Structures are given as C-alpha cells and as structure tokens.
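The opening residue of the sequence shown carries number 2 in the numbering used here; numbering runs sequentially from there.
Ideal placement from N, C-alpha and C gives every residue a C-beta, glycine not left out.
Everything numeric in this text was worked out from a predicted model, so none of it was measured.
Before any comments, here is the structure.
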Amino acid sequence: MKIEVVTLFPRMIAGALEYGVVGRALERGLVTVGTEDPRAHTQDAHRTVDDRPYGGGPGMVMKPEPLLAAIRAAHARLPAGSPRICLSAQGEPFEERVARALAALPGMLLVAGRYEGVDERVLELGIDRELSVGDYVLSGGELPALTVIDAVVRLLPGALGDERSSEEDSFARGLLDWPHYTRPELFEGLSVPPVLLSGDHAGIGRWRLERALERTWRRRPDLIAGARLAPEAQRALNELLAAQAAAEEDRGK
Ligand code: 4FN
C-alpha cells in the first residue's frame, strides 16, 4: 500500500512511524508513507500558508492555493483509485470497519489540517471523504492521520508476522479485551485467576469470553449492539445476563 500525508509538520509523521508494528511494516516494504508540505507550494517570500477568515473572527484558515497544490502533487504519486481523505471533526467516525475497507485499497492520501481549519473550497475540489477519530478539540489533524495509518497498516498481510492474526480469537471479535496477566503469579498481594493456571484450555476459553462479554456489556453496551456474536458468545451473554438478573432479584431489587 502507498500512503501520502499532506501536512505542515512532515517530521511529526516520519518520527511516529519508526516504531513497533508500523515501523517493521515500513522496513519490510509492505507500505510506503510519503509526505507533502503545503509550504513547498507557496509563491511568496514569506511562504504564507494561512490567512484571516472571511466574515471575521479569531484564528486563521489554511489558504487554498498551496494546500490544493500539495494535495495534487501527492495524489499524483499514488495508484489510481486512492481516495483523498481529510481528517476533520466534521468527518464520518473512523472505526475498525473503515480501517478494514481502507486496508484493501492500493493507496490513500491523508490531509491533516492546522489553525482553525481549511478553506471549504479545498474540500469541494480536492477531497473525496472526511474522517473523524473522535469528539474532542485538537490542534491539528496529524495525530488523527497517524491513528488511521496505525490502524490500517497493522491489517496489511504480513504486518503482524505469522504468530498473531488481526482476526484475533473469532468468538470475541468486536468485544473489549479480557483481563491479561503474566508472571509473577503473585504481584503486590494480587494473584492471577486460578483458571489461567489450570491448563484447562476449554475452561480458559470460556473464562476469557465471559470476562470480555461482561466488561463490554458494562462499559460499552454500544459495542454489544453492533457486534455479530458467535452462537457460543450469544449463549454466554444470555447466561451472564440471567445470572445478573437472578443476583439482583436476591438483593430485592
Ligand atoms: N481538529 C470539534 C468541533 C469543531 C472543531 C473541532 C476541532 C485541528 C484544524 C480541525 C478534531 C477531532 C477529531 C481530525 C472539534 C480531527 C480533529 C478529528 C481536527 C486543526 C481544524 C481541528 C469534535 C469537539 C465538536 C480543530 C468537536 N479527527 N478543530 O478540533 O482536525 O480527525
């Protein structure tokens, strides 16, 4: 896959991609990430990339000419069919299903904004799609662009090595993690749940599924609603909810 990022801070992108799974995917040549700085597309002596907003008010807006020129230069380096994506608070929520769809493409262009945002005409002329990583105020689109790159690149075939699979354990897909433990067995007075030391693999599988379901139900019920639970998981959830209802009945609720 080929990725291009349009940003006023190209070193922010390069520096963050050196590590871990994404760093290795780059080394292995599974993906390339280029950057294009709108400042390189300015014509004036001051290399101006921002200007005051029409209509007044505080803050500055990214000027259209250098930004659109950078988008076109970067997009020309990508295979046909590579979408031009702007990271923005107005975008469609970026979720794992979106990451999977992007990972199937030959390339993508990511545009990171700065200041108060980009001139709307750049979105009309040079952007196919807007994505948002969440509902909070940020100072730039670079960390969202890196979030998309991280989520997409780990899905590329070969990125995780053959010891792990991005499918994870199929029965728990779409759920929060179960609790993880490693040595020592006793840590600051806290022990590891005995089932994990039992060697009973079926029992361990059931325990993990139940803990994942329980946590997801309590912390992120929206994920349960959206998950396609395996029959095994649906049964475990029904039993968990029945047990919980019985416990509440006992307490006179
Ligand atoms: N943010 C909101 C409403 C209006 C503006 C912002 C905001 C960075 C260039 C965009 C923010 C959030 C998720 C990019 C926030 C994202 C950005 C993102 C982003 C500087 C202009 C700006 C959501 C709080 C109602 C600044 C909320 N995903 N503007 O943060 O780029 O990708």
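Buried is the label assigned to residue 95, since at least 16 other Cβ atoms lie within 10 Å of its Cβ. Runs of the alpha helix (DSSP H) lying entirely within the region 176-220 and spanning at least 4 residues, in chain order: 202-220. Around the CB of residue 64, 16 or more other CB atoms lie within 10 Å, so the residue is classed as buried. In terms of CA proximity to residue 31, 23 leads the group 56, 38 and 23.
Within its own chain, the residues whose Cβ lies closer than 7 Å to the Cβ of residue 49, once the five positions on either side in sequence are excluded, are 43 and 64, listed in chain order. Secondary structure of residue 92 (DSSP, three-state): strand. In this structure, residue 175 keeps its C-beta atom at 8 Å or more from the C-beta atom of residue 231. Assigned with DSSP and collapsed to three states, residue 142 falls in coil, not helix or strand.
Within the DSSP secondary-structure output, residue 149 pairs in no beta bridge. Within a 10 Å sphere around the beta-carbon of residue 8 sit 16 or more other beta-carbons, which makes this residue buried. Set against 7 Å, the gap from the CB of residue 145 to the closest heavy atom of ligand 1 is smaller. Nearest C-alpha to residue 118 among 108, 91, 103 and 217: 91.
The C-beta of residue 196 has fewer than 16 other C-beta atoms within 10 Å across all chains shown, which makes the residue exposed.
Contact annotation: the region 177-194 does not touch the region 119-127, with fewer than three C-beta pairs closer than 8 Å. Shortest gap from the CB of residue 204 to any heavy atom of ligand 1: 7 Å or more. Counting along the chain, the unbroken beta strand (DSSP E) around residue 112 starts and ends at 108-113. With a cutoff of 8 Å on beta-carbon distance, residue 93 and residue 69 are scored as not near each other. Take residue 13, set aside five residues on each side of it, and the residues of its chain with a beta-carbon closer than 7 Å to its own are 143, in chain order.
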